[in-house]
Amino acid sequence: MLRVESVFKSFDEFMAVNGANLQVERGEIVAVIGPNGAGKTTLFNLITGLLKPDRGKIFFKEEDITPLPPYEICRRGITRSFQIVNIFPRLSVFGNVQVAVLSHQRRSSNLLRPADRIAVKETREILETVGLLDKENFTAGSLSHGDQKILEIAIALGNEPELLILDEPTAGMSPEETQKTMELIKKLAKMRELTILFCEHDMEIVFSIAQRIMVMRHGRTIIQGTPEEVRSNPEVQEAYLGEEYA
Amino acid sequence: MAKKESHLKGLWILGIIFILLILVPPFVPRFFTYILALIFVTSLLAMSLNMVVGFGGMFQFHHGVFYGVGAYATALMLTKTSLPTWIGFMAGPIVATLTGLIIGGFCVRLTRLYFAMLQISLGSLLWAIVYRWYSFTGGDDGIHGIRMPPFLQALNHSYYFILIILTLSLFLMYKILKSPFGKTLQAIRDNPQRCEAVGINVRRYQLLGIVIATFFAGVAGVLFVILERSVFADLLFWVLSLEIFIMCLLGGWFTFFGPVLGTAIIISLRTFVGKYTEYWTLILGIILILVIFFLPEGVMGYIQEWFKPGMKEAGQEGKKVDASSRIGL
Amino acid sequence: MAVGWAEIICQFLVGISRSMILFIVCAGLSFILGVLRVPNIAHGSLYMIGAFATFSITKMVGGSYGFWVALALAPFLVVLVSLVTERVLFCHLYQREHLMLILFTFSLSLILGDLVKIVWGAEYRSVPPPELLKGSISILGASFPRYNLFLIIIGPLVGIALWLFTTRTKIGKISRAAAVDREMVGVLGINVSWVFAFAFLIGCYLAGIGGALVAPTVSITLGMDHTLIIEAFLIVTIGGLGNMWGALVGSLIFGVTHSFGVLFWPQFAIVFPYMAVVIVLLLRPKGLLKSVW
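These protein sequence lines map, in sequence, to chains A, B and C.
For reference, each letter of the first sequence is one residue, going 159 to 404 in our numbering.
For reference, each letter of the second sequence is one residue, going 13 to 341 in our numbering.
For reference, each letter of the third sequence is one residue, going 33 to 325 in our numbering.
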């Protein structure tokens with residue numbers, strides 16, 4: 159469904175992504191791992207159009223989405239959550255998700271009907287799925303960090319994506335919150351038949367839920383394969399797992 | 013639901029204020045009526061600005077231009093052509109909106125301070141032309157003695173006309189801010205990058221916001237002509253733009269009625285304090301500094317905080333969040 | 033009317049000399065923008081105070097060297113005013129959001145404007161150019177005021193002094209570093225608040241010099257702050273925010289287009305510089321030279 163073909167991106171002299179390749183099939187849960195600064199977030203920014211690659215192409219459902227602006231890419235069916243909380247702090251929790259739902263339904267430019275009565279059902283449904291319904295009237299900026307990260311995911315669901323990209327969904331969460339979030343991600347994948355691409359530094363989580371794993375180092379793809387293949391790859395062991403498993 | 017109750021309470025307060033405003037003119041001196049009408053006109057301008065500043069998060073630093081252009085369009089139609097008056101009145105908002113579309117179209121390609129600077133330069137260009145084109149706009153003399161149709165001859169009649177248009181405009185603006193578009197605009201204010209990521213074409217919505225705001229600025233311009241029967245180049249000068257910007261910040265830029273309050277404060281100050289001392293801007297400056305230090309959400313923001321369950325207005329769901337990271341330069 | 037080469041050259045030089053005043057003021061504004069990231073609306077008021085102070089000092093001292101004393105002292109009066117406002121009020125606001133800082137500098141300009149009115153009144157004032165610079169010289173038969181020649185010389189001198197200051201002195205280097213990377217300066221254990229204060233004072237000093245220099249060429253009056261500040265903002269933007277040489281380029285563009293406007297189509301003279309600014313901003317919205325933002 160998603161195909162990233164030898165993509166390059168540099169900032170000044172620094173090669174953030176240096177020939178990354180990635181393939182995601184429909185219905186898969188794919189993880190991208192790699193040490194800090196391996197270029198994971200940059201790769202996600204490239205896929206979602208926030209950055210444009212210097213070289214290389216990105217295909218989604220066989221369409222070249224490389225030159226598209228972020229909002230067009232989103233409309234093709236890719237949405238994402240951000241590593242650093244990236245919500246609408248002055249809107250209510252409900253409003254945060256509703257904005258995405260409205261955008262998905264192409265009703266954002268409706269000028270005269272009160273928004274309180276549009277897309278309410280869909281928005282509530284999403285909030286219920288992620289477990290934030292009881293806080294729908296809270297100002298988003300006043301939520302706890304964990305809840306804000308969940309809200310991140312909820313916003314991304316508002317567009318009913320086919321491919322959901324999660325950039326370190328559990329960053330900064332407590333162990334229980336992490337556990338709950340991972341359950342949520344699994345549930346979402348099943349319930350909504352989502353394809354999920356995520357990155358995460360907790361190896362236990364990655365190996366427990368990812369069906370395939372892509373390993374990055376210095377902006378380059380080392381390998382992409384099943385957890386077993388990745389685990390047994392000598393270069394990966396040396397480069398990355400080595401530090402933890404040796 | 014508590015929300016509904018407070019909503020009703022707010023409507024009651026507004027209704028009472030509206031009725032009081034209707035009753036006022038016969039009982040007060042002409043001058044007072046005039047000042048009230050001037051506050052209405054300027055309030056409409058400030059609120060239209062606040063749509064893009066407080067709710068849209070854009071650095072609309074030269075909003076006065078659209079007001080001035082609207083006023084001039086009407087004034088020129090009324091003095092240079094013999095077309096019916098209502099066409100002249102229509103011309104204001106239309107020309108203002110078109111100007112907004114053009115200037116806004118250039119500006120939304122940029123963000124924050126660069127947005128502001130491009131707008132100031134384009135606006136100043138327009139000002140310079142109006143200021144100098146004696147044969148057409150009257151230059152720095154402006155245009156005076158614009159004739160009004162009979163039903164707007166008396167000050168009281170203008171007052172009611174302005175009040176009605178203001179009420180209608182406020183109602184429309186309120187609807188718009190409560191609509192999906194309004195919500196989306198506020199989302200863009202909070203986080204444009206995230207909006208792109210949920211499929212919103214940020215620039216297009218910003219432009220639409222500017223177009224709507226400039227339409228209302230144009231309406232305010234027409235009302236100004238009705239009230240003053242004259243126009244002058246200062247309407248397009250950046251000092252006025254800054255002044256209305258200050259009205260929004262002073263009144264409370266995240267609240268719906270904040271700009272009205274800010275306008276009322278500044279105009280009353282100028283009129284009534286200005287009577288006693290020629291140094292009223294000194295007092296205004298001191299008040300502003302006090303506001304910066306003690307009421308960062310503006311006077312209205314503070315009042316709403318105080319009567320928390322009281323009035324519930326568009327955009328008020330954002331209390332207590334420090335927006336500095338979002339709205340800073 | 034045919035315009036001769038001599039007039040064109042003279043008008044060009046007049047444009048450049050006017051640019052020099054703009055440059056000095058804008059370099060200060062740009063410096064503050066670069067280091068503090070604040071568009072200082074009160075900058076115009078400080079420039080106005082500089083001009084009024086020059087008037088008073090010139091008159092008080094009198095004689096042939098009155099103006100020179102004023103040129104030396106007036107900017108320091110401006111610095112004194114800004115030092116007080118910075119330490120008493122402004123320094124408490126650095127952490128606040130930018131719109132509030134802009135609002136603050138605007139409030140300051142309102143207050144300073146009225147203070148000028150209280151001290152100097154609302155009449156027009158003028159300062160005669162010093163004895164040495166009275167009259168004009170002849171360039172290809174057209175007359176060119178000596179004072180403007182003086183401006184053309186002093187502009188680059190101030191520019192070089194500022195350049196030396198920012199590249200050769202420690203405090204100058206720190207301010208420049210603060211402009212590029214604020215965290216860095218904090219990490220180095222330097223008191224950022226004082227760096228800001230210092231940069232602010234330097235910027236205001238330049239506004240004061242600009243005001244003093246402009247005094248003999250215009251009638252000094254309330255409201256001169258308003259016309260200046262908007263021009264200054266646009267100049268700083270087309271040059272590249274926070275870039276001193278950008279301020280120079282921007283000032284030259286503004287001043288020269290204006291003076292040619294005066295020559296060819298006087299009625300619309302003020303339209304020309306704005307037109308130039310719009311064209312530059314449409315082509316290069318972030319300015320001609322590199323901005324520090």
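Glycine included, C-beta positions come from ideal geometry on N, C-alpha and C.
These numbers were taken from a predicted model, which means no experiment stands behind them.
Would you mind working out which of A:P225, A:R378, A:R389, A:T379 sits nearest A:Q369, comparing C-alpha positions? Taking the first sequence and counting its residues from 1, one reaches residue 369 of chain A at position 211. Relative to A:Q369, the option among A:P225, A:R378, A:R389, A:T379 whose CA is nearest is A:R389.
Relative to the alpha-carbon of B:A103, which residue among B:W24, B:L90, B:T86, B:I174 has its alpha-carbon at the smallest distance? The count along the second sequence starts at 1 and reaches residue 103 of chain B at position 91. Comparing Cα positions, the closest option is B:T86.
At 9 Å on the CB atoms, spell out the chain C contacts of B:R144, in chain order. Start at 1 with the first residue of the second sequence, and residue 144 of chain B comes out as number 132. Proximity of chain C to B:R144 at the Cβ level (cut-off 9 Å) is accounted for by Q299, F300, A301, I302, V303, in chain order.
Nearest by alpha-carbon distance to A:A329: which of A:C232, A:D305, A:R282, A:L290 is it? Here residue 329 of chain A refers to the residue found at position 171 of the first sequence. Just measuring C-alpha positions, the residue of A:C232, A:D305, A:R282, A:L290 sitting nearest A:A329 is A:D305.
Terminal residues of the beta strand (DSSP E) in which A:T237 lies: The count along the first sequence starts at 1 and reaches residue 237 of chain A at position 79. Start and end: 236-239.
Euclidean distance between Cα positions of C:L266 and C:A244: Along the third sequence, read from residue 1 onward, the residue named residue 266 of chain C stands at position 234. Along the third sequence, read from residue 1 onward, the residue named residue 244 of chain C stands at position 212. Spanning the alpha carbons of C:L266 and C:A244 requires a straight line of approximately 22 Å.
So, at 6 Å on beta carbons, what are the nonlocal neighbours of A:R161 in its own chain, with the 5 sequence-adjacent residues on each side left out? Along the first sequence, read from residue 1 onward, the residue named residue 161 of chain A stands at position 3. Here the set comprises Q181, F217.
For B:A58, verify whether its CB is less than 6 Å away from any heavy atom of the ligand PLP. Because no ligand of any kind appears in the structure shown, any question about the ligand PLP cannot be addressed here.
Proximity test, Cβ basis, 7 Å: C:V294 and chain B: In the third sequence, the residue the question calls residue 294 of chain C occupies position 262. No, C:V294 does not count as interfacial toward chain B.
Same chain only: Cβ atoms within 7 Å of A:V255, ignoring 5 sequence neighbours per side: In the first sequence, the residue the question calls residue 255 of chain A occupies position 97. For A:V255, where only same-chain residues beyond five positions count, the Cβ hits under 7 Å are T281, I284, L285, A312, I313, G316.
C:I285 versus chain B: which residues are under 7 Å apart at the beta carbon? Translated into the one-based positions of the third sequence, residue 285 of chain C becomes position 253. Neighbours of C:I285 on chain B: none; closest Cβ ~12 Å, over 7 Å.
Excluding five sequence neighbours on each side, which residues of the same chain lie with their C-beta closer than 6 Å to the C-beta of C:I262? As a working mapping, residue 262 of chain C is identified with position 230 in the third sequence. Cβ neighbours of C:I262 beyond the five flanking positions: none.
Among the residues of its own chain, which have a CB less than 6 Å from the CB of B:H156, if the five just before and after it don't count? Looking up residue 156 of chain B in the second sequence gives position 144. Cβ neighbours of B:H156 beyond the five flanking positions: S242.
Check C:M80 in the structure and name its three-state DSSP category. As a position in the third sequence, residue 80 of chain C is number 48, starting the count at 1. DSSP, read as helix, strand or coil, puts C:M80 in helix.
Cutoff 7 Å: B:M259 Cβ touching any chain C Cβ: Residue 259 of chain B sits at position 247 when you count from the first residue of the second sequence. Not one chain C Cβ lies under 7 Å of B:M259.
Using a C-beta to C-beta distance shorter than 7 Å, which residues of chain A count as neighbours of B:I212? Locating residue 212 of chain B in the second sequence gives position 200, where the first residue counts as 1. Within 7 Å Cβ-Cβ: Y229, S261, S266.
Should B:L32 be flagged as near chain C, meaning a C-beta pair shorter than 7 Å? Along the second sequence, read from residue 1 onward, the residue named residue 32 of chain B stands at position 20. No - not a single Cβ of chain C is within 7 Å of the one on B:L32.
Which residues, in chain order, does the segment 267-279 of chain A contribute to contact with chain B at a C-beta distance below 9 Å? For chain B, the residues of the segment 267-279 of chain A that bring a beta carbon within less than 9 Å of one of its beta carbons are S267, N268, L269, L270, R271, P272, A273, D274, I276, A277, in chain order.
Are three or more beta carbon pairs between the segment 106-115 of chain C and the segment 298-310 of chain C nearer than 8 Å? In short, these stretches do not touch, since the Cβ pair count stays below three.
B:L164 beta carbon less than 7 Å from that of B:S170: One-based indexing of the second sequence puts residue 170 of chain B at position 158. One-based indexing of the second sequence puts residue 164 of chain B at position 152. Closer than 7 Å, so yes.
Tell me which residues of the segment 170-198 of chain B have at least one Cβ-Cβ distance to chain A shorter than 8 Å, keeping chain order. Listed by position along the chain: K187, I188, K190, S191, P192, F193, G194, K195, T196, Q198.
What is the rounded straight-line gap between the Cα of A:I191 and the Cα of A:K293? For this step, residue 191 of chain A is matched to residue 33 along the first sequence. For this step, residue 293 of chain A is matched to residue 135 along the first sequence. Distance between the alpha carbons of A:I191 and A:K293 is about 33 Å.
Listing by chain order, which chain C residues have their CB less than 9 Å from the CB of B:P308? Mapped onto the second sequence, residue 308 of chain B falls at position 296. Neighbours of B:P308 in chain C, taken as residues whose beta carbon is under 9 Å from its own, are R128, E129, M132 in chain order.
Enumerate, from N- to C-terminal direction, the unbroken alpha helix (DSSP H) stretches of 4 or more residues contained entirely within the segment 74-160 of chain C. With a minimum length of 4 residues, the continuous alpha helix (DSSP H) runs that stay inside the segment 74-160 of chain C are 75-93, 98-120, 130-152.
At what residues does the beta strand (DSSP E) containing A:G214 begin and finish? Taking the first residue of the first sequence as 1, we reach residue 214 of chain A at position 56. That run of the beta strand (DSSP E) goes 213-218.
Kindly list the residues whose CB is nearer than 7 Å to the CB of B:Y143, restricted to its own chain and excluding five residues on each side of it in sequence; keep chain order. Along the second sequence, one-based indexing puts residue 143 of chain B at 131. Once the five neighbours on either side are set aside, the close Cβ partners of B:Y143 are G151, D152, A245.
Applying the 10 Å Cβ sphere with the 16-neighbour rule, what's the burial state of C:P188? In the third sequence, counting from the first residue as 1, residue 188 of chain C sits at position 156. Burial call: exposed.
I need the straight-line Cα distance from C:W152 to C:F176, nearest angstrom please. Position 120 of the third sequence, counting from 1, holds the residue named residue 152 of chain C. Position 144 of the third sequence, counting from 1, holds the residue named residue 176 of chain C. CA-CA distance, C:W152 to C:F176, rounds to 32 Å.
Suppose you measure from the CA of B:K320 to the CA of C:P248; what does that come to, to the nearest Å? Along the second sequence, read from residue 1 onward, the residue named residue 320 of chain B stands at position 308. Along the third sequence, read from residue 1 onward, the residue named residue 248 of chain C stands at position 216. The predicted model places B:K320 with a pLDDT of 49, which falls under 50 and marks its position as unreliable; any figure quoted below should be read in that light. Approximately 58 Å between the Cα atoms of the pair.
Between the Cα of B:A140 and the Cα atoms of C:L194, C:H290, C:V312, C:L313, which residue gives the shortest distance? Here the question's residue 140 of chain B lines up with position 128 in the second sequence. The residue among C:L194, C:H290, C:V312, C:L313 with its C-alpha nearest the C-alpha of B:A140 is C:H290.
Terminal residues of the beta strand (DSSP E) in which A:A178 lies: As a working mapping, residue 178 of chain A is identified with position 20 in the first sequence. Element bounds for A:A178: 172-182.
What's the C-alpha gap between C:I88 and C:F55? For the purposes of this step, residue 88 of chain C is identified with residue 56 of the third sequence, where counting begins at 1. For the purposes of this step, residue 55 of chain C is identified with residue 23 of the third sequence, where counting begins at 1. Checking the displayed sequence, the identity of residue 88 of chain C turns out to be Ser instead of Ile. Rounded to the nearest angstrom, the gap between the Cα atoms of C:S88 and C:F55 is 24 Å.
Would you decide whether A:Q382 is buried or exposed? Buried here means 16 or more other CB atoms lie within 10 Å of its CB. Mapped onto the first sequence, residue 382 of chain A falls at position 224. Counting other Cβ atoms within 10 Å of its Cβ, A:Q382 reaches 16 or more and is therefore classed as buried.
Ignore the nearest five residues each way along the sequence and tell me which others in A:N244's own chain have a CB closer than 7 Å to its CB. In the first sequence, the residue the question calls residue 244 of chain A occupies position 86. Around A:N244: E310.
Can you tell me the Cβ-Cβ gap for B:G135 and B:L248, rounded? I've got them flagged as a contact below 8 Å. Translated into the one-based positions of the second sequence, residue 135 of chain B becomes position 123. Translated into the one-based positions of the second sequence, residue 248 of chain B becomes position 236. Contact holds; Cβ gap of about 7 Å.
Would you please state the rounded distance, in angstroms, between the beta carbons of C:G271 and C:A279? I believe it to be under 8 Å. One-based indexing of the third sequence puts residue 271 of chain C at position 239. One-based indexing of the third sequence puts residue 279 of chain C at position 247. Going by Cβ atoms, the distance from C:G271 to C:A279 rounds to 5 Å, so yes, they are a contact pair.
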